[in-house]
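To keep things clear, I will list the structure first and then write my remarks on it.
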Ligand code: ATP
Ligand code: MG
């Protein structure tokens, strides 16, 4: 026997039982995005490698060690499986001149790829919903994006997700801060881990983002960026907070929140929960006014966020369990040659009326088919034997009737093929007895 092939480590199948929660999540998310006027954009999973090195920054976890990059052996192009969605979205906005006429509110969802150590809540293929707004400079859009998060957690029935915000100011302000940080961390040079030592001079802000528990005390003592912010940056940050206060959304300012990508400026935010262990960040984002220009477009303010679907679905399932499997409306049972000829036509007719029909395949006795009908969770069985088929009729049986067995046995009747859909609709909508 040949050996069976397993999925790639950190890349998961999502099976029935769990996949229903994913669909529920996606339906909620689409309705939520529509309610804020965001439009879908569909982007490739593969982009030219330089897009990510330029957008995300050379000295970042993603570019240093997490990208799935390869050369297309057919033409020698350098390609990368997207580790995040913002870079590709910005590329598309520039390439198609999308925001030239008016600002754009866009969203996408789908898989991202990062070569990380797989663990609970951290995978090599994982899914994000990304939301991006192009062409808005003021703090009102930052606040909108943050408020959106709060509403989604509410729509999903999640109450453990808390908001942290910070301001990274502008580049010149960060240059000043950077010098202060280097001086500070140099005092602890012997206690820095390998990543931090490497980043001390290349990108010291990134040290604040370290997840190494051994580094947390040093990080806590670091000077805070807010001291280096000028009046304009402060006013922008205050503008965001004003909206949050006005609508009564609680937030915490986390001066250590710097985010793991280079492209952010001014507002950054993260939504975190304490219910998922170490992998507590479910959504993160901020403003990236420099990125469009940096990738070759006409400079334009922009702001967005991405959420981790695996972590949010895990939270949903922890809070609510999986949704009850939804049975179909009708299980179609048939036996005999004439019945087999009529049955597919009846099934299609019921589907024409908008009913969900599970068609029995594979033959077998009436008894065994009825057992399957019962187990399927269907509301009705439509039963066709040869005598029904010859009369142009079917037997309609309620499978989920309340009450005693006696009554249940009576809950069936023969109806003509023309009436079957009406009959079912009457039972559904008017509560008629069969
Ligand atoms: P983390 O701090 O957990 O490493 P990150 O800062 O690298 O996250 P972002 O790049 O901001 O994450 O991505 C936004 C969201 O995507 C995260 O908040 C998280 O919910 C999710 N996410 C990121 N990486 C993974 C992963 N490897 N597996 C599952 N979800 C992930
Ligand atoms: Mg990460």
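In this note's numbering, the protein residues as written are 26 to 459. For every residue, glycine included, the Cβ atom is placed at its ideal position computed from N, Cα and C.
Secondary structure within the segment 303-350: the alpha helix (DSSP H) runs of 4 or more consecutive residues, fully enclosed, are 316-319, 334-345 (chain order). When DSSP states are grouped into helix, strand and coil, residue 289 belongs to the coil group. Annotated three-state conformation of residue 437 is strand, per DSSP.
Taking residue 318 as the centre and dropping the five residues before and after it, the same chain places the C-beta of 324 closer than 7 Å to its C-beta, in chain order.
Residue side-chain check: residue 43 keeps its Cβ at 6 Å or more from all non-hydrogen atoms of ligand 1. In the structure shown, the three-state DSSP call for residue 451 is helix. Taken in chain order, the whole alpha helix (DSSP H) runs of length 4 or more contained in the segment 175-263 are 196-211, 219-227, 241-245. For residue 151, the distance from the CB to the nearest heavy atom of ligand 1 is below 6 Å. DSSP, reduced to helix, strand and coil, places residue 120 within a helical segment of the structure shown. Taken from the Cβ of residue 342, every heavy atom of ligand 1 lies 6 Å or farther away.
Residue 296 is bridged by DSSP to 188, 308. Under DSSP, residue 357 forms a beta bridge with 384, 407.
If you check the C-beta of residue 198 against ligand 1, you find no heavy atom less than 6 Å away. Residue pairing of residue 132 in beta bridges, as defined by DSSP: 65, 156. Not a single heavy atom of ligand 1 lies less than 6 Å from the C-beta of residue 154. With a cut-off of 6 Å, the C-beta of residue 148 is classified as near ligand 1, since at least one heavy atom of the ligand falls inside that distance. Sorting 330, 204, 113, 29 by C-alpha distance to the C-alpha of residue 75 places 113 at the top. Taking 7 Å as the cut-off, the Cβ atoms of residue 354 and residue 381 count as close.
In this chain, the alpha helix (DSSP H) harbouring residue 371 covers 362-377. Contact fails between the segment 266-276 and the segment 142-155, because fewer than three Cβ pairs, one in each stretch, are under 8 Å apart. Leaving aside the five residues that flank residue 87 on each side, the residues in its chain whose CB is nearer than 6 Å to its CB run, in chain order, 81, 108.
Every residue with a CB closer than 6 Å to a heavy atom of ligand 2 is listed here in chain order: 86, 285. Residue 178 and residue 44 have their C-alpha atoms some 19 Å from each other. Within its own chain, the residues whose Cβ lies closer than 7 Å to the Cβ of residue 249, once the five positions on either side in sequence are excluded, are 280, listed in chain order.
Where residue 53 is concerned, the enclosing alpha helix (DSSP H) starts and stops at 44-60. The criterion of a C-beta distance shorter than 7 Å is satisfied by residue 187 and residue 297.
Residue 130 and residue 231 have their C-alpha atoms roughly 29 Å apart. Sixteen is the threshold: when 16 or more other Cβ atoms of the shown chains lie within 10 Å of the Cβ of residue 413, as they do, the residue is buried.
In the assembly as shown, residue 326 is a buried residue. Its beta-carbon has 16 or more other beta-carbons within 10 Å. For residue 334, the closest C-alpha among the options 64, 153, 32 is that of 153. CA-CA distance, residue 391 to residue 417, rounds to 19 Å. With a contact defined as Cβ atoms closer than 8 Å, residue 337 and residue 50 qualify at about 7 Å. The secondary-structure analysis by DSSP pairs residue 85 with nothing; it has no beta-bridge partner. For the pair residue 365 and residue 155, the CB atoms are not nearer than the 7 Å cut-off.
Residue 226 and residue 163 have their alpha carbons spaced roughly 33 Å apart. Under the 10 Å beta carbon count, residue 302 is surrounded by fewer than 16 other beta carbons and is classified as exposed.
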